[in-house]
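K.L.:
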Amino acid sequence: MSRLIIASNRVADLASGPQAGGLAVAIGDALREGSGLWFGWDGRVVDDGVDFGLSLSRQDTVSVATQPLTQREYDNYYLGHSNNLLWPIFHYRLDLAKFDGTALEVYKALNARFAASLAALIEPGDLVWIHDYHLIPMASELRKLGVTNRMGFFLHIPFPPPDMLSAAPEHDWMVETLFAYDLLGFQTRQDCGNFALYLDREQCGRAIAPQVFEGFGRQVTARAFPIGIDVDAFTRLAQTEKADKEIGKLSRGLPLTHIIGVDRLDYSKGLPDRFRAFRRLMEKYPEHSKTAVLMQIAAPTREELVAYTDIRSELEQLSGAINGEFGDFDWTPVRYIHRPVPRDTLAALFRGSKVGLVTPLRDGMNLVAKEYVAAQDADDPGVLVLSQFAGAAEELQDALIVNPYDTDEVAEALHTAISMPIDERVDRHRTLIARVRDNDIVAWRTAFLRCLRGTDDGTARAAVRAGKA
Ligand code: ADQ
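With positions in the sequence shown counted from 1, the corresponding number in our numbering is that position plus 500.
#1: Please report the straight-line C-alpha distance between residue 720 and residue 640, rounded to a whole angstrom.
#2: Give me the residue from 638, 803, 605, 792 with the minimum Cα distance to residue 509.
#3: Taking 8 Å as the cut-off, decide whether the C-beta atoms of residue 634 and residue 582 are in contact.
#4: Measuring CB atoms only, is the segment 855-871 touching the segment 763-776, in the sense that at least three cross pairs come out at less than 8 Å?
#5: From residue 906 to residue 885, what distance separates their C-alpha atoms?
#6: With a 10 Å radius around its C-beta and 16 neighbouring C-beta atoms as the bar for buried, classify residue 703 as buried or exposed.
#7: For the beta strand (DSSP E) holding residue 568, just list the boundary residues, first then last.
#8: For residue 779, verify whether its CB is less than 7 Å away from any heavy atom of the ligand ADQ.
#9: Indicate whether residue 531 and residue 541 have their beta-carbon atoms separated by less than 8 Å.
#10: Runs of 3 residues minimum, wholly inside the segment 632-700: which ones carry the beta strand (DSSP E) assignment?
#11: Three-state secondary structure (DSSP) at residue 558?
#12: Considering only C-alpha positions, which residue in the set 698, 675, 723 is nearest to residue 686?
#13: Is it the case that the CB of residue 915 approaches a heavy atom of the ligand ADQ more closely than 7 Å?
#14: First and last residue of the alpha helix (DSSP H) that includes residue 542?
#15: Suppose contacts are defined by Cβ-Cβ distances below 8 Å. Is residue 693 in contact with residue 939 by that definition?
#16: According to DSSP, simplified to helix, strand and coil, what is residue 714?
#17: Could you name each continuous alpha helix (DSSP H) segment of 4 residues or more that falls completely within the segment 795-865, going from the start of the chain to the end?
#18: To the nearest angstrom, how far is the alpha carbon of residue 586 from that of residue 755?
#19: At a cut-off of 7 Å, is residue 866 close to the ligand ADQ when judged by its beta-carbon and the heavy atoms of the ligand?
#20: Helix, strand or coil for residue 938 per DSSP?
#21: Under 8 Å by Cβ, that's how I've got residue 883 and residue 925 pegged, so tell me the actual separation to the nearest angstrom.
#22: Go ahead and label residue 602 buried or exposed: buried means 16 or more other beta carbons lie within 10 angstroms of its beta carbon, across all protein chains shown.
#23: Beta strand (DSSP E) containing residue 757: first to last residue?
Laid out in structure tokens, this is it:
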């Protein structure tokens, strides 16, 4: 079997087991199976001009190759172009995008530098899988260095419609670099559709068969591979003795109904709108006073960027205002926790909460929605309230689907969720968990890698040539 090489912005610790995020686990297993190599940033930032080599280490059968970023790269490639320009634009937030020519140049240079380091490690027959918006031009840089291996790219965030994408500087260059891959993986069919719309509108490519596109003198297969979670592992986490104790602590014997939200504190996650919807619930349905609690766990992220400090202040202000207005001596309606929480505690909190409130304004997939479903007791499950703008909504139609901008609609869905009879909750959960299981993390990576291997044996192209596809 060919060796698998994965490149991503950050390389995580493969040894941290279930405490690690889903991606580290998914990637770790794929690498172990193929005695692979994981390449990327080690999280260190060094002074400009420092001579740094490539650090090579091994974790089990997996080789790990990492490099630090210089301060200039961190400021411009990571914070600047990746997170201050691509992240907002790809999340349909042109208003938050910061345009900066230097950041773009450093983004290109970093991708070229990473490609030069990685090219030296690639052997004939290796499969190369690049992840996410930080490294879009990696394959194109590798091709310039003569790498002819099969290369795939998976975008974890949404692919925006052409109107949005064309606001990015040198968007045509960026899309051209996507054609250096053999396979493009998106989270949803909508993302694939947006890619096709862009090619059509800019007249730079066209579909020559289902899921096969021609442009810039190359062909690429583009498909949706909805990412999932390790369902059994997460379900087990939610059912330990420790989890039972955590669940017991939640209500302390009081008749409380917990509504849970768990997110990175990111403006794409729609947290202020979520808080407003909870306030609306209190206003419209006072019968939930003294019983409903919104528990929002928001892990700090990218705090060097203004947009993130702004959202933090807004949330602190909102939670304070709601608690001041509606709270009582014996009841705090909003419990807002601004830090990461261990995964086993999260699993317990999901299981102990009657409603999972997942209302991003835009999200590639949103794994919290799937984790919430996996953590439920199938005989007495909670209800998932899910934004129509989360990629997960394409699969999880049996959730209560809401428009996260519409405060009244979300408040209404919360009321429906809290009041839902058990038969309906069980029915909805049965369908949801089946979908979450069908598209779990193993299905995701197996489908992607099978397709990536297939792209090289000419299946898709032969089918195109034969006029069969
Ligand atoms: P994220 O934007 O990080 O991921 P998400 O898919 O929800 O969003 O994954 C977050 C993960 O972090 C989940 O496993 C969650 O449990 C965990 N997490 C969140 N808050 C936490 C906290 N306070 N403490 C501990 N853990 C916390 C990006 C894209 C998504 C896409 C994923 C995977 O933005 O749309 O689903 O990649 O492709």
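Ideal placement from N, C-alpha and C gives every residue a C-beta, glycine not left out. In this text the structure is predicted, and so the values were computed from the model without any measurement.
P.N.:
So, from the listed chains and residues:
#1: 13 Å
#2: 638
#3: yes
#4: yes
#5: 13 Å
#6: exposed
#7: 562-570
#8: no
#9: no
#10: 651-654, 683-686
#11: strand
#12: 723
#13: no
#14: Run containing residue 542: none in the alpha helix (DSSP H); it sits in the beta strand (DSSP E), 537-546.
#15: no
#16: strand
#17: 806-826, 843-851
#18: 45 Å
#19: yes
#20: helix
#21: 6 Å
#22: exposed
#23: 757-764
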